[in-house]
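Inspection log for the structure reproduced underneath, given as structure tokens.
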Amino acid sequence: MVIESFSESILKIKDKLNSKELALLRGSLSMAIQEICPNGVLPKNNEELSLFKEYAYLISRIQNHNKISETGVNYFGRPSFMTDKLLNQLINEAKNEVRPRAIKQIGHYLGLGGTIADRIALSNELNELVTTYTTQSTPTGIASYLFYEKVGDGLAAHVDTTSFSINVNINLWHEAVGNKNSFLYVFDINGEKMRKYYFKPGEIMITYGDSIVHGRSQLSVNESIGILTIGFTPRG
114 MVIESFSESI LKIKDKLNSK ELALLRGSLS MAIQEICPNG VLPKNNEELS
164 LFKEYAYLIS RIQNHNKISE TGVNYFGRPS FMTDKLLNQL INEAKNEVRP
214 RAIKQIGHYL GLGGTIADRI ALSNELNELV TTYTTQSTPT GIASYLFYEK
264 VGDGLAAHVD TTSFSINVNI NLWHEAVGNK NSFLYVFDIN GEKMRKYYFK
314 PGEIMITYGD SIVHGRSQLS VNESIGILTI GFTPRG
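In the working numbering, each residue's number is its place in the sequence shown (first place is 1) plus 113.
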């Protein structure tokens, strides 16, 4: 008698799941990953390490995205349309308009929208960049500013919701007195290796956010980070 693994069983039925069932499965796997690997550090316990790798493997495959990079990152750089002028406009909007109304979340403050952020989210330039490095996609129109400001702020290992199936992460600033210690971390599609990313202002990362385990390490003393995240949904 052959006993199937958990992964084998799930992958056999994944195409029969509706969108709500798939979202529930993804959310359950994401919560399990947060328990096993909350800060992006691979567990030393062999059983937990095996579970983490299995969950990361599953998450990267249950949604049939066929252009996920093996590293988890499809694009990282600063495109030509992200000019100094545009970057400064986004920074001004973030700090002066959005931050005063941002809502406290676990490990950061969240501020929705803004005229400039919303315009970028629906722009042809960004859509072309996303399409080039992932697939034909539709912008969700959801743009969110995230503010990391205090010692210990950060984001636990997780995967995103459907609204950020493709996640565009734009760094606006990373300020620090002394060393810049916080970084964005991304695991590969098999959960075997974690890579650290230190952004410069204006740099953009594109990932399949609903399929890749990622998070942000905790801030140290006198460190501040502002980012803009924008969501896209693959067509078809």
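A virtual CB, placed ideally from N, CA and C, is assigned to each residue, including glycine. Computed from a predicted model, the values in this text were never measured in an experiment.
Within 10 angstroms of the beta-carbon of TYR311 lie fewer than 16 other beta-carbons, which makes it exposed. Within 10 angstroms of the beta-carbon of ARG348 lie fewer than 16 other beta-carbons, which makes it exposed. Only exposed fits GLY265, as fewer than 16 other CB atoms lie within 10 angstroms of its CB.
Between the region 323-340 and the region 281-296 there are three or more C-beta pairs closer than 8 angstroms, enough to call the two in contact. In this structure, DSSP gives LYS166 a helical state, which the three-state scheme calls helix. Sorting PRO192, SER163, MET144 by C-alpha distance to the C-alpha of LEU242 places PRO192 at the top. By the Cβ neighbour-count rule, PHE119 is exposed, with fewer than 16 other Cβ atoms within 10 Å of its own. Taking every protein chain shown into account, the CB of SER143 has 16 or more other CB atoms within 10 angstroms, so this residue is buried. Nearest neighbour of ASN294 by Cα position, chosen from LEU235, GLU160, THR320, SER333, turns out to be SER333. The beta carbon of THR248 is closer than 7 angstroms to those of LYS180, PRO347 in its chain, skipping five residues each way along the sequence. Looking at the DSSP output, MET307 sits in a beta bridge with PHE300. Straight across, the Cα-Cα distance linking LYS166 with ILE123 is about 15 angstroms. CA-to-CA, the gap between GLU134 and THR184 works out to about 27 angstroms. DSSP lists SER257, ASN282 as the beta-bridge partner residues of THR342.
Taking the CA atoms as reference points, ASN177 sits about 30 angstroms from ARG232. Between the alpha carbons of ASP323 and ALA215 lies a gap of roughly 24 angstroms. Contact check for VAL281 against ILE343 passes: the beta carbons are separated by less than 9 angstroms. When only Cα atoms are considered, ASN240 and ILE325 end up about 20 angstroms apart. LEU235 and HIS327 have their C-alpha atoms spaced approximately 25 angstroms apart. The region 244-262 makes no contact with the region 153-173, as fewer than three CB pairs between them are under 8 angstroms.
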